[in-house]
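Q: According to the working numbering, the sequence shown is numbered sequentially starting from -2.
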Amino acid sequence: MATWLLVANASCARLYETQSRPRTLTLVNAFEHPASREKGEDLASDRPGHVQTDNPGGEAAAHSAFNEPTSPKEYEHERFAMLLAKTLEDGRTHNRFDELILVASPQFHGLLNKQMNGHLAKMVSNHVNKDYTRLDEAALLQKLDPLA
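1) When we look at the beta-carbon of Gly156 and count the other beta-carbons within 10 Å, is it buried (16 or more) or exposed?
2) Roughly how many whole angstroms lie between the Cα atoms of Lys119 and Met79?
3) Please find out if some non-hydrogen atom of the ligand ADP comes closer than 8 angstroms to the beta-carbon of Arg11.
4) For Tyr13, which beta-bridge partners are listed by DSSP?
5) With which residues is Glu96 paired in a DSSP beta bridge?
6) With the cut-off set at 9 angstroms, would you say Glu75 and Gln112 are in Cβ contact?
7) How many whole angstroms separate the CB atoms of Asp128 and Asn6, which I take to be in contact at a CB cut-off of 8 angstroms?
8) Taking all protein chains shown into account, do 16 or more other C-beta atoms lie within 10 angstroms of the C-beta of Ser8, making it buried, or fewer, making it exposed?
9) I'd like the span of the alpha helix (DSSP H) that includes His74, first residue to last.
10) What residue range is occupied by the uninterrupted beta strand (DSSP E) comprising His30?
11) What are the boundary residues of the beta strand (DSSP E) that includes Asn123?
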C-alpha cells in the first residue's frame, strides 16, 4: 500500500502518493480554492441579513437584523477543508492508501482535523504544522526527510 501526503493551506493543496515515506512523490491531485483568497467584503453582501416575522394579531410585524456567526472568509476556508477531507475519505474507503501525512499551516490544520472522521484521523501517521505549499517537490522532500 501507499502513503498519501497532503500539503495544504486555506487556498491551495497538493496531494501526493509515495510508496516508501516521502522519498519520491507522485502528484495525485492539485487543488485551488480562489474564494479563500478573496477579501471578506468581496465574499459577503453589503448589509446584514434581515428577518421579518408575521404577527397574527394584525399589528406591525417585528423586524430584526442578524450578523453572520462565521466570517465569509472563514466559511470559505471551512468549505475547502471539507472538500479536502472528503477527497481523503474517498481515498481511504477505496483503500488507495494505508497511511496519511498532513502538512498544513497551523490554522488550516485545525480546520482539516475538524472535518475528518475518526476512521480517517486514525490513518494520520504524522502532522507537520507548517505551510510548505510554495515548496517544489525536491525542497519538500528535504524538509520532510526526518519523517522517513
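Built from N, CA and C at the ideal position, the CB exists for glycine as well.
A: According to the structure shown:
1) A question about residue 156 goes unanswered here, because the residues of the chain that appear run from -2 up to 145.
2) Counted from its first residue, the sequence shown places residue 119 at position 122. Counted from its first residue, the sequence shown places residue 79 at position 82. Those two C-alpha atoms are separated by around 17 angstroms.
3) For the ligand ADP, the structure offers nothing, since it holds no ligand at all.
4) To locate residue 13, count along the sequence shown from 1; it is residue 16. Its beta-bridge partners are Leu2 and Leu24.
5) Position 99 of the sequence shown, counting from 1, holds the residue named residue 96. Glu96 is bridged to Thr0.
6) The residue given as residue 75 occupies position 78 in the sequence shown. The residue given as residue 112 occupies position 115 in the sequence shown. Yes.
7) Position 131 of the sequence shown holds residue 128. Position 9 of the sequence shown holds residue 6. About 5 angstroms separates the Cβ atoms of Asp128 and Asn6, confirming a contact at the 8 angstroms cut-off.
8) As a working mapping, residue 8 is identified with position 11 in the sequence shown. Counting the other Cβ atoms within 10 Å of the Cβ of Ser8 gives 16 or more, which makes it buried.
9) What you label residue 74 is simply residue 77 of the sequence shown in a count that begins at 1. For His74, the uninterrupted alpha helix (DSSP H) segment begins and ends at Pro69 to Thr90.
10) Position 33 of the sequence shown, counting from 1, holds the residue named residue 30. Run containing His30: none; DSSP gives neither H nor E here.
11) Here the question's residue 123 lines up with position 126 in the sequence shown. Judged by DSSP secondary structure, Asn123 falls within the beta strand (DSSP E) whose first and last residues are Val121 to Val125.
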